[in-house]
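Encoded as structure tokens, the structure appears first; notes follow it.
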Amino acid sequence: MDAALEVQDLSLSIDGKQIYKDISFSLAQGSFTVLCGHNGAGKSQLLRTLKGLAKPSSGRILINGLDVTRKKKSRLSSIGLVFQDADFQIVGESVEKDVAFGPINLGWSEDRVDKAVSRTLAMMGLEDKRRQRPQTLSGGEKRRLAIAGVLAMEPGLIMLDEPFANLDSPSTMSVLKALADLHQAGQSLLVTSHEVDRFLAHTDRVLILEEGRLVYQGPSKDSLDALKKAGVHVPGPAFEELTWLR
Ligand SMILES: Nc1ncnc2c1ncn2[C@@H]1O[C@H](COP(=O)(O)OP(=O)(O)O)[C@@H](O)[C@H]1O
Ligand SMILES: [Mg+2]
Numbered sequence: 001m002d003a004a005l006e007v008q009d010l011s012l013s014i015d016g017k018q019i020y021k022d023i024s025f026s027l028a029q030g031s032f033t034v035l036c037g038h039n040g041a042g043k044s045q046l047l048r049t050l051k052g053l054a055k056p057s058s059g060r061i062l063i064n065g066l067d068v069t070r071k072k073k074s075r076l077s078s079i080g081l082v083f084q085d086a087d088f089q090i091v092g093e094s095v096e097k098d099v100a101f102g103p104i105n106l107g108w109s110e111d112r113v114d115k116a117v118s119r120t121l122a123m124m125g126l127e128d129k130r131r132q133r134p135q136t137l138s139g140g141e142k143r144r145l146a147i148a149g150v151l152a153m154e155p156g157l158i159m160l161d162e163p164f165a166n167l168d169s170p171s172t173m174s175v176l177k178a179l180a181d182l183h184q185a186g187q188s189l190l191v192t193s194h195e196v197d198r199f200l201a202h203t204d205r206v207l208i209l210e211e212g213r214l215v216y217q218g219p220s221k222d223s224l225d226a227l228k229k230a231g232v233h234v235p236g237p238a239f240e241e242l243t244w245l246r
């Protein structure tokens, strides 16, 4: 089966500054991958490029085996991106209207939009908040709403930039549970994080980005040494505690 995403020798420079260079990796269908690295390593810029918001200087991007490097539109529709700042992504005046926004823009029928909204709100545990104003949600609920909004458009791959940023512990757990459920349902996922202790029990693969270079890629269970070497925050006792989510 073709990879959900394949990246070949991708490089990006902005105004002569090298942001990342010669990045190559592939994401299997249904896999859950964490892209980690220190602040400034280039994680967010890499996601922005994959989504089609920045033009790579060189390299290729393939989705399901198709070269989409020069097809920004098809990347915009087949890859969902949940930004770090959930507030920034919320546009609707109610939870259900917010989730409906993307599907309506895709020109879907009312029936299909309604089904997509109900399905994704159920998946993200937000059914009972349907008619609430997004501004009244907690941090974790807002993040799950942002995920629902992306999920509703049925992208083959969902990418999340620092999904736990600025969340307290219960909210973090609720978002992690939502991601684990999505993974279980077969959704391909790529998340970035500058710390991996909360992810590692759930992800299949780890990518480590250091100053714009991919210095490691491998199965999560083999990645501890590489993570320590890179100085990335690694699992403490929480690692064991979180396995109940599996
Ligand atoms: N619009 C931009 N123009 C120039 N340089 C940028 C821009 N955005 C980010 N950078 C630089 O690119 C590098 C990678 O940034 P970023 O992708 O945000 O890192 P990360 O998400 O891993 O913290 C940093 O050195 C940052 O200063
Ligand atoms: Mg970032």
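Numbering (our numbering), first residue to last: 1 to 246. All C-beta atoms, glycine included, are put in the ideal place defined by N, C-alpha and C.
Asked: beta-carbon serine 13 near ligand 1 non-hydrogen atom, thresh 7 angstroms; Found: no
Asked: Threonine 21 Cβ short of 7 angstroms to ligand 1 heavy atom set; Found: Checking the sequence shown, residue 21 turns out to be lysine, not threonine. Every heavy atom of ligand 1 is 7 angstroms or more from the Cβ of lysine 21, so no.
Asked: Contact test: asparagine 309 Cβ vs ligand 1 heavy atom, cutoff 7 angstroms; Found: With the chain covering only 1 through 246, there is no way to say anything about residue 309.
Asked: Contact test: lysine 17 Cβ vs ligand 1 heavy atom, cutoff 7 angstroms; Found: yes
Asked: Spatial neighbours of arginine 246 in its chain, beta-carbon cut-off 6 angstroms, leaving aside the 5 residues before and after; Found: With a pLDDT of 42 at arginine 246, under the threshold of 50, the modelled position of that residue is not reliable, and no figure is offered here.
Asked: Any non-hydrogen atom of ligand 2 closer than 7 angstroms to lysine 43 Cβ; Found: yes
Asked: Span of the alpha helix (DSSP H), counted from its first residue to its last, around leucine 126; Found: No alpha helix (DSSP H) holds leucine 126; DSSP gives it neither H nor E.
Asked: Entirely enclosed alpha helix (DSSP H) segments - the region 73–110, minimum 4 residues; Found: 86–89, 95–105
Asked: Threonine 49 to phenylalanine 199 span [Cα, whole Å]; Found: 23 angstroms
Asked: Threonine 192 Cβ short of 7 angstroms to ligand 2 heavy atom set; Found: yes
Asked: Separation of serine 57 from phenylalanine 88, as counted between CA atoms; Found: 27 angstroms
Asked: For asparagine 105 and arginine 77, the rounded distance between their alpha carbons; Found: Here residue 77 turns out to be serine, not arginine, going by the sequence shown. Rounded to whole angstroms, serine 77 to asparagine 105 spans 11 angstroms at the Cα level.
Asked: C-alpha gap between asparagine 39 and serine 109, whole angstroms; Found: 42 angstroms
Asked: Residue closest to glutamate 96, alpha-carbon to alpha-carbon, out of Pro170, Gly125, Ser74; Found: Gly125
Asked: Close-in-space but distant-in-sequence residues of the same chain around glutamine 18 (CB under 7 angstroms, 5 per side omitted); Found: Gly212
Asked: beta-carbon glutamate 162 near ligand 2 non-hydrogen atom, thresh 7 angstroms; Found: yes
Asked: Alpha-carbon to alpha-carbon, glutamine 132 and leucine 47; Found: 31 angstroms
Asked: Distance between lysine 229 and arginine 143 (C-alpha atoms, nearest Å); Found: 31 angstroms
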